[in-house]
Amino acid sequence: MSEVAQSPVVLAARDLRKSYGTIEAVRGVSIEIREGETYGLLGPNGAGKTTTIAMVCGLLARDTGEVTLDGTPIDVGAVAAKAGIGYVPQELAIYPDLTARENLAFFGRLYGLGGARLKSRVAEVLALIGLAGRANDRTDTYSGGMQRRLNIGIGLLHQPRLLLLDEPTVGVDPQSRNAILESIAALGRHGMAILYTTHYMEEAERLCDRVGIIDGGLIRAEGTQQELVALMGSKDQVRLTITGDAAAAVEAVAALDGVASAGAKGAELEILVEDARGVLPRLLDTVERAGAIVRGVDVVRPDLEAVFLHLTGRALRDSAE
Amino acid sequence: MRVALLIALKDLKQRLRDRSALLVSVVAPLGLALIFSSLLAGTTGFHAEYVVADLDGGGLARVLRQDVIGSLVEADIAVVTDVATESEARAAVEAGGTSAAFIIPAGFTLAIQSGQPVTIEIVGAKGSDLGTEIARSLAQRFGDGVVAIQLSVATVANLADGPLDPADQGRIVGVAAAAPPPIALVDVEASLRQLSLPTYFSASMAILFLFFSAQIGLVSLFEERRQGTLGRILAGPVRPSTILLGKILGGFTLSVAAMTILVIATTALIGADWGPPVGVAAMVVGGIVAAIGISSLVVSFARTAESAGAASSAVAITLGILGGTFTPTSQAPELMSTLALATPHGWFMRGLGDMHGTGASIADGLPAVLVLLAMGLVTGGIGMLRARRLVTPR
Numbered sequence: 133m134s135e136v137a138q139s140p141v142v143l144a145a146r147d148l149r150k151s152y153g154t155i156e157a158v159r160g161v162s163i164e165i166r167e168g169e170t171y172g173l174l175g176p177n178g179a180g181k182t183t184t185i186a187m188v189c190g191l192l193a194r195d196t197g198e199v200t201l202d203g204t205p206i207d208v209g210a211v212a213a214k215a216g217i218g219y220v221p222q223e224l225a226i227y228p229d230l231t232a233r234e235n236l237a238f239f240g241r242l243y244g245l246g247g248a249r250l251k252s253r254v255a256e257v258l259a260l261i262g263l264a265g266r267a268n269d270r271t272d273t274y275s276g277g278m279q280r281r282l283n284i285g286i287g288l289l290h291q292p293r294l295l296l297l298d299e300p301t302v303g304v305d306p307q308s309r310n311a312i313l314e315s316i317a318a319l320g321r322h323g324m325a326i327l328y329t330t331h332y333m334e335e336a337e338r339l340c341d342r343v344g345i346i347d348g349g350l351i352r353a354e355g356t357q358q359e360l361v362a363l364m365g366s367k368d369q370v371r372l373t374i375t376g377d378a379a380a381a382v383e384a385v386a387a388l389d390g391v392a393s394a395g396a397k398g399a400e401l402e403i404l405v406e407d408a409r410g411v412l413p414r415l416l417d418t419v420e421r422a423g424a425i426v427r428g429v430d431v432v433r434p435d436l437e438a439v440f441l442h443l444t445g446r447a448l449r450d451s452a453e
Numbered sequence: 284m285r286v287a288l289l290i291a292l293k294d295l296k297q298r299l300r301d302r303s304a305l306l307v308s309v310v311a312p313l314g315l316a317l318i319f320s321s322l323l324a325g326t327t328g329f330h331a332e333y334v335v336a337d338l339d340g341g342g343l344a345r346v347l348r349q350d351v352i353g354s355l356v357e358a359d360i361a362v363v364t365d366v367a368t369e370s371e372a373r374a375a376v377e378a379g380g381t382s383a384a385f386i387i388p389a390g391f392t393l394a395i396q397s398g399q400p401v402t403i404e405i406v407g408a409k410g411s412d413l414g415t416e417i418a419r420s421l422a423q424r425f426g427d428g429v430v431a432i433q434l435s436v437a438t439v440a441n442l443a444d445g446p447l448d449p450a451d452q453g454r455i456v457g458v459a460a461a462a463p464p465p466i467a468l469v470d471v472e473a474s475l476r477q478l479s480l481p482t483y484f485s486a487s488m489a490i491l492f493l494f495f496s497a498q499i500g501l502v503s504l505f506e507e508r509r510q511g512t513l514g515r516i517l518a519g520p521v522r523p524s525t526i527l528l529g530k531i532l533g534g535f536t537l538s539v540a541a542m543t544i545l546v547i548a549t550t551a552l553i554g555a556d557w558g559p560p561v562g563v564a565a566m567v568v569g570g571i572v573a574a575i576g577i578s579s580l581v582v583s584f585a586r587t588a589e590s591a592g593a594a595s596s597a598v599a600i601t602l603g604i605l606g607g608t609f610t611p612t613s614q615a616p617e618l619m620s621t622l623a624l625a626t627p628h629g630w631f632m633r634g635l636g637d638m639h640g641t642g643a644s645i646a647d648g649l650p651a652v653l654v655l656l657a658m659g660l661v662t663g664g665i666g667m668l669r670a671r672r673l674v675t676p677r
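If you read the sequences in order, they're chains W and P.
The numbering of the first sequence is the working numbering, which starts it at 133 and goes up by one.
The numbering of the second sequence is the working numbering, which starts it at 284 and goes up by one.
Now the structure itself:
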């Protein structure tokens, strides 16, 4: 049993449900995260990730279900218990007319930090997010990546027990994104429990100890990456790069014997098959018959993207767009 | 309370960096008070210049010149210059600078004493309607007195059944002239309870723009919601009511600072006389509470920062007009004076006026302070209840 698996449960969310009128945004989500564990909620836009996070941090009243932080119930009125949560919203939530230092100091004080402790934490976080050199500049003079890093820094300033990160790298340049992911990985190693939502498979694979695949307000499956891939059994993942009508090609190959599921992401077809070697000639022939031209063929090790395709019948990124 | 203060301080820091807040809270009202006071300087009191050509020189002509026309000089309303001839009088009017000329004809006194008709000629200058009208009124009043004297003489002569001895006739004229008028006007010094123009414009612009600075706190909630910081605060260990309190505190502090600057600056720059400091402080606090309360109620109906700002501004301007911040209600129809008392602006101006004048004290302004506080607490209470939706997790 791993070290994380033996550590105490920090977040326990059970059967969370939320509806907006007739639309069920979240339909019974349960998540458990232990100390030092990073849990990824992987799913396309509209899957229910942000609604789930908002209910977990008490920002949104849930219809049913319960949330506890270290055993203490969390809801919209649980003011004191919320101090143990750090929240990094998907959209920027910083004051553009204040400096990075002032932003950090304001939110730090809201969480009860003060004096030398506040000063040292602000300095530490500024160093961690790489903004020490621009700490006294107004944040409306920052690049998008710098603002994103500050957005994250505010959430972890008070060293919360649980850090909620809602798609923190959306709209971030690759260099800043890499820096952000490294910072988050370091936090997990320091014992913080992290709930990380994303629709980027690579981020979930890189950061998360366990991943919950969410779609349509439900967690379809959860576990370590190996456990999730194992759900696919002996299936192979075939990736075809084509020119032509991808939708028609997907429809054609999905009807073939031996094809478990198929989806498209741009000019690439993601196809799960029982036996790549046996099915591949028929696949290529069917795609050509559907009017597309095959430009490249890859048989790859199944990843979380393949798991999402396997579970939902749709490619993750196509769903996200 | 600690968190509310944090939010208020943060808001103040933002507002001080935002020049538009400073502009609305201090620069605009101060600038307008300065401009209006400068433009309308000298229009507070009527002043005229008259010339008198006394071509008679008799006793009644002297009475007209010294007692009647001379009373204008004593009241510091006019300067009166004597000239020797009618042509000099007309020339003075034609030359400009003279409001009107009184021409007392030769034989004036004798004509009156003998009951003959007589004419006092008033030559008015172009563009000096008020000055001419005052001169005409004075002459008319004197004429009314003359008619009464002539009536007295005629009555006695009729009773005597024959012409009167000139000595008796003179005595009768003296007695009639000395008789008290049947109706006497008493100066109640109403004007002493009015504010001087510099004070009026300083106070009116201050209370008008106070409504713009008072709304800043709550309107910023919409901005915080738009930029995501409200959600971030709500996700932390902060009660929604604390956020509202912080916003109100921020608006209150900004308003107190702005009003303090305005009172001091207008006193120093244009000689505004706001009144006793303690009374003024109470009136300012009352005005701020009323402004924040009404602004809160208006903002609580809005859905965006833009609609909140527009609605608050419309209400501020409307109440300002009704409350007499553009024109003193004392110069407006009775209905306007009544309507003004439905507005905090009207009570603010009235309260300041009540603390001015002979025998006035701070206590005279207390009713206005209480009304302002009541207006603010009632509207603010409803506004806060409604505004909870802006900070409540959904």
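The beta-carbon is built from N, C-alpha and C at its ideal position, and this holds for glycine as well.
Being a predicted model, the structure only gives us computed values, none of them experimental.
For residue i versus residue j, is the C-beta spacing smaller than 9 Å?
| i | j | result |
| --- | --- | --- |
| leucine 343/P | isoleucine 395/P | yes |
| proline 205/W | glycine 511/P | no |
| alanine 623/P | arginine 633/P | yes |
| valine 382/W | leucine 360/W | no |
| aspartate 298/W | threonine 271/W | no |
| leucine 649/P | proline 627/P | no |
| serine 320/P | isoleucine 526/P | no |
| tryptophan 557/P | alanine 651/P | no |
| leucine 416/W | leucine 388/W | no |
| leucine 173/W | leucine 313/W | no |
| leucine 404/W | proline 434/W | yes |
| aspartate 407/W | glycine 423/W | no |
Cα-Cα, which of the options is closest to residue i?
| i | options | result |
| --- | --- | --- |
| phenylalanine 492/P | Ser308/P, Leu295/P, Lys296/P | Ser308/P |
| valine 563/P | Ser595/P, Leu545/P, Gly533/P, Ser578/P | Leu545/P |
| glycine 287/W | Pro306/W, Arg309/W, Ser315/W | Ser315/W |
| proline 481/P | Val429/P, Leu323/P, Pro449/P | Leu323/P |
| valine 686/P | Val561/P, Thr415/P, Ala548/P | Residue 686/P lies beyond the residue range present for chain P, which begins at 284 and ends at 677; the question has no answer from this structure. |
| proline 306/W | Ile351/W, Arg280/W, Leu327/W | Arg280/W |
| valine 158/W | Gln291/W, Ala193/W, Val141/W, Glu164/W | Ala193/W |
| alanine 394/W | Ile425/W, Glu354/W, Leu441/W | Leu441/W |
Starting from the beta carbon of residue i, find every residue of chain W whose beta carbon is closer than 9 Å, and list them in chain order.
| i | result |
| --- | --- |
| serine 287/P | The residue you asked about is not serine; residue 287/P is alanine in the sequence shown. Within 9 Å Cβ-Cβ: nothing; alanine 287/P doesn't reach chain W, min ~11 Å. |
| aspartate 301/P | Asp229 |
For residue i, does the three-state DSSP call read helix, strand or coil?
| i | result |
| --- | --- |
| glycine 247/W | helix |
| valine 302/W | coil |
| phenylalanine 385/P | strand |
| isoleucine 312/W | helix |
| glutamine 369/W | strand |
| proline 434/W | coil |
| alanine 232/W | helix |
| threonine 182/W | helix |
| isoleucine 206/W | coil |
| serine 474/P | Low confidence applies to serine 474/P: its pLDDT is 42, below 50, so where it sits in the model is not reliable, and the reading given next is rough at best. Helix, per DSSP. |
| alanine 467/P | Interpretation of alanine 467/P is limited by its pLDDT of 43, a score under 50 that renders its predicted location unreliable; no figure is taken from the coordinates. |
| aspartate 301/P | coil |
| glycine 344/W | strand |
Taking residue i as the query, report the chain W residues whose CB atoms sit under 8 Å from its CB, ordered along the chain.
| i | result |
| --- | --- |
| alanine 551/P | Near alanine 551/P there are no residues of chain W at all, since even the closest Cβ is about 32 Å away, more than 8 Å. |
Tell me which residues share the same chain as residue i and place their Cβ nearer than 7 Å to its Cβ, disregarding the 5 neighbours each side in the sequence.
| i | result |
| --- | --- |
| leucine 347/P | Ile387, Phe425 |
| proline 559/P | Met638, Ile645 |
| glutamate 156/W | Gly349 |
| alanine 291/P | Gly529, Leu532, Gly533, Thr536 |
| valine 432/W | Gln369, Arg371 |
| leucine 295/P | Gly533, Thr536, Leu537 |
Quick one: list the residues of chain P neighbouring residue i, beta-carbon separation under 8 Å, in chain order.
| i | result |
| --- | --- |
| cysteine 189/W | Ala518 |
| tyrosine 243/W | Gly519, Pro520 |
Among residues of its own chain, excluding the 5 on either side of residue i, which ones have a beta-carbon nearer than 6 Å to its beta-carbon?
| i | result |
| --- | --- |
| serine 139/W | Arg166, Glu167, Gly168 |
| tyrosine 227/W | Asn235 |
| aspartate 347/W | Gly175, Ala179, Thr444 |
| threonine 662/P | Gly576, Ile577, Leu580 |
Residue i touches chain W at which residues, Cβ-Cβ below 7 Å?
| i | result |
| --- | --- |
| alanine 522/P | In the sequence under discussion, the amino acid at residue 522/P is arginine, which differs from the alanine named in the question. The answer, in chain order, is Val211. |
| lysine 293/P | Phe238 |
Give me the chain P residues within the contact set of residue i, using Cβ-Cβ distance strictly less than 7 Å, ordered along the chain.
| i | result |
| --- | --- |
| proline 221/W | Gly511, Gly514, Arg515 |
Within its chain, find whatever has a CB closer than 8 Å to the CB of residue i; leave out the 5 residues flanking it on each side and keep chain order.
| i | result |
| --- | --- |
| alanine 186/W | Leu192 |
Can you pull the chain P neighbours of residue i, defined as C-beta to C-beta under 9 Å?
| i | result |
| --- | --- |
| alanine 215/W | Gly519, Pro520 |
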